[in-house]
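Under the working numbering, think of the first position of the sequence shown as 1457, with each following residue one higher.
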Amino acid sequence: MPTTQKKRKKPRKNLVIVESPSKAKTIGKYLGSRYKVMASLGHIRDLPKSKMGVDIENDYEPHYISIRGKGDVIKELRKEAKKAAHVYLASDPDREGEAIAWHLSYLLGLDPNGKNRVVFNEITKDTVKNAFKNPHSIDMNLVDAQQARRVLDRLVGYSISPLLWAKIKKGLSAGRVQSIALNLIIKREREIKDFKPEEYWKIDSEFKKGKTKFAADYHDLDGALKKLHTNEDVQTVLQRIDKQQPFTVATVKRKERKRQAPLPFTTSTMQQAANNILKFRTAKTMMVAQQLYEGINIGSGTVGLITYMRTDSTRIASVAKHEAATYIHENLGAEYAANSPRKGKLPEGAQDAHEAIRPSSVMRTPQELEKYLSKDQMKLYSLIWSRFVASQMTPAVYDTMTVDITQNGVTFRANGSKLKFPGFSKVYTVSKHKDNILPELNEGDEVELIKTSPNQLFTTPPARYTEATLIKTLESNGVGRPSTYAPTLSTIQKRYYVRLVTRKFEPTELGEIVNKMIEDCFPDILNVAFTADLESKLDEIEDGKQEWIKVIDSFYQPFAKEVATAEKKLEKVKIKDEPAHIDCDICGAPMVIKLGRFGKFYACSRFPDCRNTKPIIKKIGITCPKCHKGDVVERKSKKNRTFYGCSRYPDCDFVSWDKPVGRDCPRCQHFLIYKKTKKGMQVKCPNGDYEEALQEN
């Protein structure tokens, strides 16, 4: 009889779980057919939105629930985990990533002490494969640090927010870091309003030696640094000058000045540079960086182009330093490669758990990747690449010359500089250096004064915060961490506590009211030193030096007393309606201007009997180029971005992100727009290459 052979069972696959589909796709290509890679789509368990979710009486135990809408994802992950040979949790290498892995292990019934955790700082083939050779257990110190932050923020938010709802209006919120960010913006606004300009003067002058002219500024009188506060002070100086007599060169100081290479990017310095140089909003920077980290198809396959983008470290791996040195030697020259690149000092509280943000391979130049990247990806990758290469290069060297020229006790000073060796500035420059070359001058030389120009000036108030300067201030004060800055700035704008006007933060009336209440009732929340100390304790939890429950308790006990006191002493704030000077087009009653969560709007004064509301629109003074009937008005998107539309919407659907000019293109008759370019503001046609310089009016 024929023998029957047993059917061979297919070997079971290993299951790998990451956060995002794009990351899953990249890693799946590296690991091959023995692995199945799935995405959890971020967190799958969290505290409930409908209640506090923290058992204060029971050691602050958090009550986690599965996030609404994640049921199908959890069901599919459980199904695949049951039939997998082994489950690997490969979420991001930080507190949030560790917490995601811990929640996954709970829902999938995995042993948190088992070797299920895999981490990597960059998504490249070798790095990922090596990580899977060395799996480890979940780091509970990291999990506890994340839990502590989550519980702290929940205790603060769900204690103060109900007070805001009861005393001010519904839909408001407060948090530890966002309250400090709002307070900084409001304090700066107070400084600006209280600022009293002070008069001062400068005396610019022009001198000549031979045929060469050069500029110099007034420096001192009779060897004393006499400041020029008034025109009388200026006249005192000018009266001492004999225009018929030459000035004498008193001193000449020649020096060589070095400008050190910048450090590679941390999260906050990347956000600041992207905001200042690329004009990227912080949220956009992090979104594009996430795309570069998780992987881009570059023809030969999908690869992560940068290392992990949430870090406060400036450390660089030895292999990356060696690769950068090779690139610099081969493409720029040995004289540009630093023998020992500059090392940064870690900010207080920085964990140094990751490297700085750098390209996963410096050999992938921006020029080679341009055809594979979107416009925004290309801009940010170029910035990260050039900053990293520059950090491994020699300083820029300048020859400087400082010259003092005197007559009758009056001294003018001229400063000259010339780039001697570009060093790192060959690949990374924030602002271009312009040489200021003085003529050859020596002590005792005589020079001729051509003219003096007194200028009256006034001191200016401190500038309002931009996203970049606010992040820099928060970081320098030890408030928040790399992962918190983008959501913090987003929240205070979504709540309409602040608005961005010409890329600078201005507080709203609602923001002022909320801040005043927190200032009066919760001084510790706004105490920068107190919050920075709390951040340090969270870091100590991560290092295993503090117990998270004790840290929470030491904060909550005094905080709870402040909440109880605030409930008793706070009076309800009445936000007065402003007259709108128009009538309701439904019932004829006067309309008023109300303040809502998303700004001011028109509402009928007979509310709730009449519920008519209208947005407050700003006309820009031109007729709609589509229907030629309505006015073009300025509107706001859900993300608070300005756009332009027709006042007759929805009857007319004209819309434009760029401000229309009010004229048509002479070539194609499309409406012209204002567009900011490298040449400055231009009038352009969106359809072609027609452009014209902006007229002065």
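Every residue, glycine too, gets a C-beta built ideally from N, C-alpha and C.
Cβ contact check for the stretch 1957–1964 and the stretch 1916–1935: 3 or more pairs under 8 Å = The stretch 1957–1964 and the stretch 1916–1935 touch, with no fewer than 3 CB-CB distances between them shorter than 8 Å.
inquiry  = Is it buried or exposed, K2050, if we count other Cβ atoms within 10 angstroms and call 16 or more buried?
reply    = By the neighbour-count criterion, in which 16 or more other beta carbons inside 10 Å mark a residue as buried, K2050 falls on the buried side.
message = Whole angstroms are fine: how far does the CA of Y1828 sit from the CA of S1838?
response = In this structure, the CA atom of S1838 is about 13 Å from the CA atom of Y1828.
inquiry  = Quick check: what's the CA-CA separation for G1805 versus D1995?
reply    = Residue confidence for G1805 is low, a pLDDT of 42 falling below 50, so the modelled location carries little weight and cannot support an answer.
message = Quick check: V2089 and S2103, are their CB atoms within less than 8 Å of each other?
response = Taking 8 Å as the cut-off, the Cβ atoms of V2089 and S2103 count as close.
query = If M1819 and E1779 are in contact, beta carbons under 8 Å, what's the gap, nearest whole angstrom?
reply = Contact holds; Cβ gap of about 7 Å.
message = So for K1643, helix, strand or coil by DSSP?
response = Helix at K1643.
request  = Confirm, please, whether the CB-CB distance from R1798 to E1717 is below 8 Å.
outcome  = The sequence shown places Ala at residue 1717, rather than the Glu named in the question. Yes, Cβ-Cβ distance for A1717 and R1798 is below 8 Å.
message = Taking the straight line between their C-alpha atoms, what separation do you get for I1483 and K1714?
response = I1483 and K1714: Cα-Cα distance of roughly 44 Å.
Cβ-Cβ separation, N1597 to G1936 (assumed contact under 8 Å), whole Å = In fact, because the Cβ distance is near 20 Å, the residues do not count as touching under 8 Å.
key: 4 or more residues per run - each alpha helix (DSSP H) lying fully within the stretch 1635–1719   = If we require 4 residues or more, the alpha helix (DSSP H) runs fully inside the stretch 1635–1719 come out as 1687–1695.
inquiry  = Tell me the rounded alpha-carbon separation between E1662 and A1794.
reply    = Taking the Cα positions, E1662 is about 41 Å away from A1794.
inquiry  = Tell me the DSSP secondary structure of V1954 in three-state form.
reply    = In this structure, V1954 counts as strand in the three-state DSSP scheme.
Beta-carbon spacing of Q1728, K1538 below 8 Å = The Cβ-Cβ distance between Q1728 and K1538 does not fall below 8 Å.
ask   = If you run the structure through DSSP and keep just helix, strand and coil, what is T1915?
value = Note: T1915 maps to coil in three-state DSSP.
inquiry  = Spatial neighbours of F2167 within its chain, please: C-beta separation below 6 Å, excluding the five flanking residues on both sides.
reply    = Outside the shown range of the chain (1457 to 2153) lies residue 2167, about which nothing can therefore be said.
ask   = Roughly how many angstroms separate the alpha carbons of H2078 and K1735, rounded to a whole number?
value = Correcting the residue type first, residue 2078 is Ile in the shown sequence and not His. The C-alpha of I2078 lies about 28 Å from the C-alpha of K1735.
query = Is H1785 helix, strand or coil when you go by DSSP?
reply = Reduced to three states, the DSSP call for H1785 is helix.
First and last residue of the uninterrupted alpha helix (DSSP H) at K1481 = Residues P1477 to L1487.
ask   = What first and last residue would you give for the alpha helix (DSSP H) that runs through T1583?
value = From DSSP, the alpha helix (DSSP H) with T1583 extends over K1581 to K1589.
task = Go to P1618, then tell me how far its alpha helix (DSSP H) extends in each direction, as first and last residue.
result = Following the DSSP letters along the chain, one finds P1618 inside the alpha helix (DSSP H) bounded by residues M1596 to K1623.
key: Neighbourhood of F1978 by C-beta distance below 6 Å, restricted to the same chain and skipping five residues each side   = Counting only Cβ-Cβ distances below 6 Å, and skipping sequence neighbours, we find E2018.
inquiry  = Rounded to whole angstroms, what is the Cα-Cα separation between V1472 and S1522?
reply    = The straight-line gap from Cα to Cα measures roughly 20 Å.
query = What separation, rounded to the nearest whole angstrom, lies between the Cα atoms of T1770 and Q2002?
reply = Each residue's Cα considered, the two are about 26 Å apart.
query = Taking just the CA atoms, how far does P1878 sit from Y1783?
reply = Straight through space, the alpha carbons of P1878 and Y1783 are spaced by roughly 17 Å.
ask   = Is the stretch 1690–1697 close to the stretch 1881–1895, with three or more CB pairs under 8 Å?
value = Under the 8 Å Cβ criterion, the stretch 1690–1697 does not count as touching the stretch 1881–1895, having fewer than three qualifying pairs.
query = Would DSSP call H2037 helix, strand or coil?
reply = In the three-state scheme derived from DSSP, where H, G and I count as helix and E and B as strand, H2037 is classed as strand.
query = Are L1875 and Y1854 close, meaning C-beta to C-beta below 8 Å?
reply = At the C-beta level, L1875 and Y1854 come within 8 Å of one another.
request  = Determine, using beta-carbon pairs with one atom in the stretch 1606–1615 and one in the stretch 2011–2027, whether at least three such pairs fall under 8 Å.
outcome  = Enough Cβ pairs lie closer than 8 Å, so yes.
inquiry  = Among G1570, D2041, L1640 and L1926, whose alpha-carbon lies nearest the alpha-carbon of S2061?
reply    = Sorting G1570, D2041, L1640 and L1926 by C-alpha distance to the C-alpha of S2061 places D2041 at the top.
request  = Flag this pair as touching only if the stretch 2017–2034 and the stretch 1970–1990 have three or more C-beta atom pairs under 8 Å; answer yes or no.
outcome  = The stretch 2017–2034 vs the stretch 1970–1990: in contact.
ask   = For the stretch 1538–1571, which segments carrying the alpha helix (DSSP H) assignment without a break, of at least 4 residues, lie completely within its bounds, in sequence order?
value = As for any alpha helix (DSSP H) of minimum length 4 sitting wholly inside the stretch 1538–1571, the runs are 1551–1563, ordered along the chain.
query = Short check: CB of A1557 to CB of R1534, under 8 Å?
reply = With a cutoff of 8 Å on beta-carbon distance, A1557 and R1534 are scored as not near each other.
ask   = Grouping DSSP H, G and I as helix and E and B as strand, with all else coil, what is M1819?
value = DSSP places M1819 in coil when its eight states are reduced to three.
task = Could you please give me the residues that DSSP links to V1759 through a beta bridge?
result = DSSP links V1759 through a beta bridge to I1752.
request  = Over the uninterrupted alpha helix (DSSP H) stretch that includes F1986, give me the two end residues.
outcome  = First-last of the alpha helix (DSSP H) with F1986: V1984 to E1998.
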